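Encoded as C-alpha cells, the structure appears first; notes follow it.
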Amino acid sequence: MALAREENSPLFAGSVAGTLRLIFYLALAMVLMVLDHRNGWLWRLRYNAAIVVEPIYRLAGLPSAGMRTLSVAFSDRKSLTEQNQRLREDLLLANAKLNRMAAVAEQNQRLKGLLDTQRSLELNVQLARVIGVDMGTSRHRLVLNRGDRDGVKQGQVVIDAHGVIGQIVDVLPTTAVVMLVTDPNHAVPVVIERTGLRTVAYGSREGDQLSLPNVPMAADVKAGDKLLTSGLGGRFPSGFPVGEIRSVGQSASGMFLEARARPTADIDRSEDVLLLHDQAEPVGPPIPSTPAGPPAGLAPAPGSSSAPPPVSPPVANPSTNAPAVQP
Numbered sequence: 004m005a006l007a008r009e010e011n012s013p014l015f016a017g018s019v020a021g022t023l024r025l026i027f028y029l030a031l032a033m034v035l036m037v038l039d040h041r042n043g044w045l046w047r048l049r050y051n052a053a054i055v056v057e058p059i060y061r062l063a064g065l066p067s068a069g070m071r072t073l074s075v076a077f078s079d080r081k082s083l084t085e086q087n088q089r090l091r092e093d094l095l096l097a098n099a100k101l102n103r104m105a106a107v108a109e110q111n112q113r114l115k116g117l118l119d120t121q122r123s124l125e126l127n128v129q130l131a132r133v134i135g136v137d138m139g140t141s142r143h144r145l146v147l148n149r150g151d152r153d154g155v156k157q158g159q160v161v162i163d164a165h166g167v168i169g170q171i172v173d174v175l176p177t178t179a180v181v182m183l184v185t186d187p188n189h190a191v192p193v194v195i196e197r198t199g200l201r202t203v204a205y206g207s208r209e210g211d212q213l214s215l216p217n218v219p220m221a222a223d224v225k226a227g228d229k230l231l232t233s234g235l236g237g238r239f240p241s242g243f244p245v246g247e248i249r250s251v252g253q254s255a256s257g258m259f260l261e262a263r264a265r266p267t268a269d270i271d272r273s274e275d276v277l278l279l280h281d282q283a284e285p286v287g288p289p290i291p292s293t294p295a296g297p298p299a300g301l302a303p304a305p306g307s308s309s310a311p312p313p314v315s316p317p318v319a320n321p322s323t324n325a326p327a328v329q330p
C-alpha cells in the first residue's frame with residue numbers, strides 16, 4: 004500500500020522529482036537574469052510597479068507625516084512665541100535705557116548751561132533742584148531742595164541758564180519756596196534792551212506770561228523786544244534776561260500801552276536752578292535809628308535843673324576872614 008505524501012513535504016525533496024524541480028528553477032533564474040541584463044525587463048517591471056505602489060505607500064505614510072508636521076509646527080510656534088516674547092522684553096528694556104540716557108543727556112546739557120552762565124558772568128551762585136511745583140490759578144511757586152541750613156536767604160534771586168525765574172519768598176530748614184515772575188503778586192523792574200525804556204513787568208493770571216501795563220503811549224515798543232532786569236530797587240541785579248514781548252495793545256484805561264511778554268526762563272521745564280548770593284543791597288532811604296538819650300552817668304541829679312550849660316559866643320580870628328569856631 005502506497006504511503007500518502009505528507010502535506011508539509013519540502014519543495015526540493017531528496018527524490019528525483021525534487022532534483023528535477025531544483026534544476027528547472029535554477030535554469031529559469033539564469034534565463035531571467037540574462038534577459039534582465041540584456042533588455043532590462045525586470046527594471047521596467049520594477050519601475051512600473053513602483054508607479055502603482057508609490058501612491059499607496061504615500062497614502063499609508065500620511066498619518067505619520069501629518070503627526071510629524073504638526074509636532075514640528077507646534078514646536079516651532081512655541082519657540083517663535085518664546086523668542087518673540089524675549090525680543091519684546093529686550094526692546095522694552097532697550098527703550099527704557101535709551102529714554103533714560105536721553106533724559107540724562109538733557110539734564111547734563113541743562114547743567115552745562117547753568118555752569119556756563121556762572122562762568123561767563125562770574126557769579127557767586129548755589130545750585131538747587133526743583134522738588135515741588137504749585138502752578139495754581141492764584142499762585143505760581145516752586146519748592147527747592149535748599150533751605151536755611153544751606154545758607155538760603157529770603158529775597159534771593161533765582162535764575163536758570165536762560166533768565167530770571169523768580170525770588171525766594173519763604174525759607175524752611177531744608178527747603179525754600181520760590182515765587183515765579185509769572186505770579187500775579189510778583190513784579191520786577193525791567194528795561195527794554197533795544198530802546199532803554201524802563202518799566203515794570205508784572206505776573207499775570209494766564210500763568211505763562213508777563214504783563215507790562217504802564218508803557219507810555221508814545222513809547223517805541225514792539226513785538227520781539229527783549230526785556231532785561233534794570234537793577235532799580237536793588238533786588239534784581241541788572242542785565243539778566245526776563246522775557247520777550249509778544250504783543251502790544253492799548254490798556255483798558257486808554258492812557259497807557261499794555262504789552263504782553265513771554266518769560267525767557269524755562270519756568271515749566273527747569274529742574275535745576277541757581278540761587279544768586281552776591282546781589283545788590285536794596286536802594287532806598289536808610290532805616291531810621293532808634294533815638295537814644297544821654298548816658299546814664301551824665302544824667303542830671305534829681306531836683307537839679309535840666310537846662311544845658313551856657314555856651315560862649317564864637318570868637319572870630321582878626322587876622323583872617325576864616326569862619327568863627329567854637330572854643
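The numbering used here numbers the first residue of the sequence shown as 4 and each following residue consecutively. A virtual CB, placed ideally from N, CA and C, is assigned to each residue, including glycine. On a predicted model such as this, the values are computed, not experimentally measured, just so you know.
- Query: Are the beta-carbon atoms of Ala268 and Ile168 separated by less than 8 Å?
  - Reply: Locating residue 268 in the sequence shown gives position 265, counting from the first residue. Locating residue 168 in the sequence shown gives position 165, counting from the first residue. Closer than 8 Å, so yes.
- Message: Classify Gln170: buried if its beta carbon has 16 or more other beta carbons within 10 angstroms, exposed otherwise.
- Response: Reading the sequence shown from its first residue, position 167 is the one you call residue 170. With 16 or more other Cβ atoms within 10 Å, it is buried.
- Taking the alpha-carbon positions, what's the Trp253 to Leu260 distance? One-based indexing of the sequence shown puts residue 253 at position 250. One-based indexing of the sequence shown puts residue 260 at position 257. According to the sequence provided, residue 253 is Gln. The question's Trp does not apply to it. Answer to the nearest angstrom: the Cα atoms are 5 Å apart.
- Message: Three or more C-beta pairs under 8 Å: does that hold for the stretch 173 to 187 against the stretch 143 to 152?
- Response: yes
- Is Ala68 near the ligand PLP, judged by its Cβ being under 7 Å from some heavy atom? Ligands in the displayed structure: none, and consequently the ligand PLP is not present.
- Verify whether the separation of the beta carbon atoms of Arg132 and Asp275 is less than 8 Å. Along the sequence shown, one-based indexing puts residue 132 at 129. Along the sequence shown, one-based indexing puts residue 275 at 272. Closer than 8 Å, so yes.
- Message: What does the alpha-carbon distance come out to for the pair Ala264 and Val194?
- Response: Sequence index remark: in the sequence shown, residue 264 carries index 261 (1-based). Sequence index remark: in the sequence shown, residue 194 carries index 191 (1-based). When rounded, the distance between both Cα atoms is 13 Å.
- Can you tell me which of Glu247, Gln88, Lys156, Met70 puts its alpha carbon nearest to the alpha carbon of Arg238? Translated into the one-based positions of the sequence shown, residue 238 becomes position 235. Nearest C-alpha to Arg238: Lys156.
- Query: Just curious, the beta strand (DSSP E) that Gly206 is in, first and last residue?
  - Reply: Counting from 1 along the sequence shown, the entry for residue 206 is found at position 203. 201 to 206 is the span of the beta strand (DSSP E), which, as asked, contains Gly206.
- Item | Within 8 Å, strictly: CB atoms of Leu101 and Leu277 | Mapped onto the sequence shown, residue 101 falls at position 98. Mapped onto the sequence shown, residue 277 falls at position 274. No, the Cβ-Cβ distance between Leu101 and Leu277 is not below 8 Å.
- Query: How many angstroms separate the CA atom of Ile270 from the CA atom of Asp228?
  - Reply: Here residue 270 refers to the residue found at position 267 of the sequence shown. Here residue 228 refers to the residue found at position 225 of the sequence shown. When rounded, the distance between both Cα atoms is 20 Å.
- Query: Which of helix, strand or coil does DSSP assign to Lys225?
  - Reply: Locating residue 225 in the sequence shown gives position 222, where the first residue counts as 1. Three-state result, Lys225: coil.
- Item | Cβ-based neighbour list, Leu45, same chain, cut-off 6 Å, excluding 5 preceding and 5 following | As a first step, residue 45 is located in the sequence shown; it is residue number 42 there, counting from the start. So the list reads Asp39, once near-sequence residues are dropped.
- Leaving out five residues on either side along the sequence, give the residues of the same chain with a beta carbon under 7 Å from the beta carbon of Ala20. Taking the sequence shown and counting its residues from 1, the one referred to as residue 20 is at position 17. Closer than 7 Å at the Cβ level, and outside the excluded window around Ala20, lies no residue.
- Message: So Val172 and Ala204 are supposed to be a Cβ contact under 8 Å. How far apart are they, rounded?
- Response: In the sequence shown, residue 172 corresponds to position 169, counting from 1. In the sequence shown, residue 204 corresponds to position 201, counting from 1. At roughly 17 Å, the Cβ-Cβ gap does not stay under 8 Å, so Val172 and Ala204 are not in contact.
- Message: I need the boundaries of the alpha helix (DSSP H) containing Met220, first residue and last residue.
- Response: For the purposes of this step, residue 220 is taken as residue 217 along the sequence shown, with counting starting at 1. From DSSP, Met220 is part of no alpha helix (DSSP H); its letter is neither H nor E.
- Going by beta carbon distance, what residues of the same chain come within less than 7 Å of Gly158, once the five residues before and after it are set aside? Sequence index remark: in the sequence shown, residue 158 carries index 155 (1-based). Correct list, in chain order: Gln170, Ile171, Arg238.
- Message: Going by C-alpha to C-alpha distance, which of Pro266, Ala226, Leu29 sits closest to Ala164?
- Response: The residue labelled residue 164 in the question sits at position 161 within the sequence shown. The option with the nearest alpha carbon to Ala164 is Pro266.
- On a CA-only basis, which of His189, Ser250, Ser273, Ile162 is nearest Pro240? Give me that one, please. By one-based count along the sequence shown, residue 240 stands at place 237. Taking only the C-alpha atoms, the option nearest Pro240 is Ile162.
- Which listed residue (Ala105, Asn111, Ala190) has its alpha carbon closest to that of His143: Counting from 1 along the sequence shown, the entry for residue 143 is found at position 140. It is Ala190 whose Cα lies nearest to the Cα of His143.
- Option in Ala99, Leu183, Ala108, Asn127 with minimal Cα separation from Asp137: For this step, residue 137 is matched to residue 134 along the sequence shown. Looking at the Cα atoms, Leu183 is the closest of the given residues.
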